[in-house]
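Only one structure is covered here, and it is reproduced in the block below.
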Amino acid sequence: MSNLYSNFFSPQRMGEANSLEYSTLHEDDVDEVVAFMAAHFYPREPISTGLHMTYEDNKEWIHSSARDWVKSGVSVVAREPTTKKVAGSILATILTRDQSNTYAKALTSPKTKVKTLHTVLSVLETAVDFFARYEKVNRILELAMITVAEEHGGRGVGKRLVQESERRGQVLGCQLATAQATAVPSQRLLYRLGYESLYTMDYTTFEIAGDHVFDMDRMLGTPSAKVMARLIDQEVKK
Ligand SMILES: CC(C)(COP(=O)(O)OP(=O)(O)OC[C@H]1O[C@@H](n2cnc3c(N)ncnc32)[C@H](O)[C@@H]1OP(=O)(O)O)[C@@H](O)C(=O)NCCC(=O)NCCS
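If you want the numbering used here, it's the 1-based position in the sequence shown plus 626.
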């Protein structure tokens with residue numbers, strides 16, 4: 627086994643996920659977490675890179691959306707215990723039968739790129755009608771954006787962030803967790819946690835008004851986005 631391989635997968639590295647501090651995101655944390663995502667999410671997430679979208683393009687809506695998401699009480703931040711530096715974050719929200727979408731609002735944005743992004747996200751968000759599919763489900767935990775700094779990657783931090791958000795969602799009455807997983811690492815992470823894929827958007831063939839929107843040279847090796855879900859309430863599983 628090469629040194630690189632053994633370092634990456636050593637129990638010590640995996641154990642590091644447990645040495646971080648995980649707390650519910652509050653409004654006061656939003657600017658810091660969005661700045662963290664500007665450095666660690668936008669340059670490494672395929673839809674952003676494939677649409678040539680930077681944090682600057684997303685700035686307006688991400689700050690206001692993050693504030694909304696934080697209110698749900700299911701968004702989580704991981705910090706280094708001594709320095710309190712952000713190591714990872716998950717932005718999530720709760721969907722209900724009355725409020726069943728997150729992205730429709732931004733479809734009216736005057737910025738073309740933002741509109742394209744939200745068209746893509748809306749297609750993914752509405753591809754599976756979970757409320758119709760599961761009669762007993764009234765509250766859905768929607769995992770929106772997950773980010774782990776590269777220096778903390780591959781140590782279970784992403785997995786733990788999903789579990790922390792799920793736990794909060796369960797306490798708040800969510801019966802199902804969903805995610806629009808746009809990158810291979812997040813798809814694999816969710817498969818490992820028992821999520822199943824219910825819809826696939828092929829990046830190569832996806833079109834808006836007859837135009838292919840993704841620059842396939844910049845999709846970071848990810849061929850498709852997947853809508854993934856897992857029941858998190860034992861009662862609904864019966
Ligand atoms: C996706 C991301 C959050 C993963 O975080 P992470 O802390 O490295 O993930 P974990 O260590 O918890 O890994 C959990 C599982 O994910 C999978 N995984 C993680 N990184 C991977 C990679 N680079 N390639 C393939 N699979 C990967 C593995 O299956 C792993 O489980 P295993 O080791 O038991 O097989 C991180 O890579 C990231 O921030 N990426 C940039 C932003 C992004 O694309 N977010 C997702 C958009 S939906």
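All residues carry an ideal CB built from backbone N, CA and C; glycine is no exception. A quick note: this is a predicted structure, and the numbers were derived from the prediction, not measured.
Proximity of alanine 718 and leucine 767 at Cβ, strictly below 8 angstroms: yes
Lysine 852, buried or exposed, once every other Cβ within 10 Å from all chains shown has been counted against 16: buried
Assigned secondary structure, methionine 854 (DSSP; H/G/I helix, E/B strand, else coil): strand
Secondary structure of glutamine 860, DSSP reduced to three states: helix
Neighbour-count burial assignment, aspartate 828, 16 or more Cβ in a 10 Å radius: exposed
Whole-angstrom distance between glutamate 833 and methionine 845, CA atom to CA atom: 15 angstroms
Heavy atom of ligand 1 within 7 angstroms of threonine 675 beta-carbon: no
8 angstroms Cβ shell around glycine 714 - same chain, five flanking residues per side excluded: Leu646, Val703, Ala704, Ile772, Thr773, Val774, Ala775, His778, Val783, Gly784, Leu787
Beta strand (DSSP E) runs contained entirely in the segment 675-709, provided each spans 3 or more residues: 702-705
Helix, strand or coil at tyrosine 817 according to DSSP, with G and I counted as helix: helix
Element boundaries [alpha helix (DSSP H), containing serine 715]: It is not in any alpha helix (DSSP H) - serine 715 instead sits in the beta strand (DSSP E) that spans 712-722.
Heavy atom of ligand 1 within 7 angstroms of alanine 718 beta-carbon: no
Buried versus exposed call for aspartate 655 [16 or more other C-beta atoms within 10 Å across all chains shown]: buried
Identity of the residues DSSP links to serine 767 by a beta bridge: The question names serine, but residue 767 is leucine in the sequence shown. Beta-bridge pairing links leucine 767 to Ile720, Ala803.
Beta-carbon contacts of valine 810 that lie in its chain and below 6 angstroms, excluding the five residues immediately before and after: Thr848
Reduced DSSP category for threonine 773 - H, G, I as helix; E, B as strand; rest coil: strand
Contact test: leucine 815 Cβ vs ligand 1 heavy atom, cutoff 7 angstroms: yes
Three-state secondary structure (DSSP) of histidine 778: helix
Identity of the residue in Leu677, Glu706, Thr728, Ser691 nearest asparagine 644 by Cα: Glu706
Nearest-angstrom Cα separation, counted from valine 839 out to methionine 854: 22 angstroms
Cβ neighbour criterion (16 or more within 10 Å) applied to glycine 795: buried
Identified DSSP bridge partners for tyrosine 648: Ala704
Lysine 785 Cβ short of 7 angstroms to ligand 1 heavy atom set: yes
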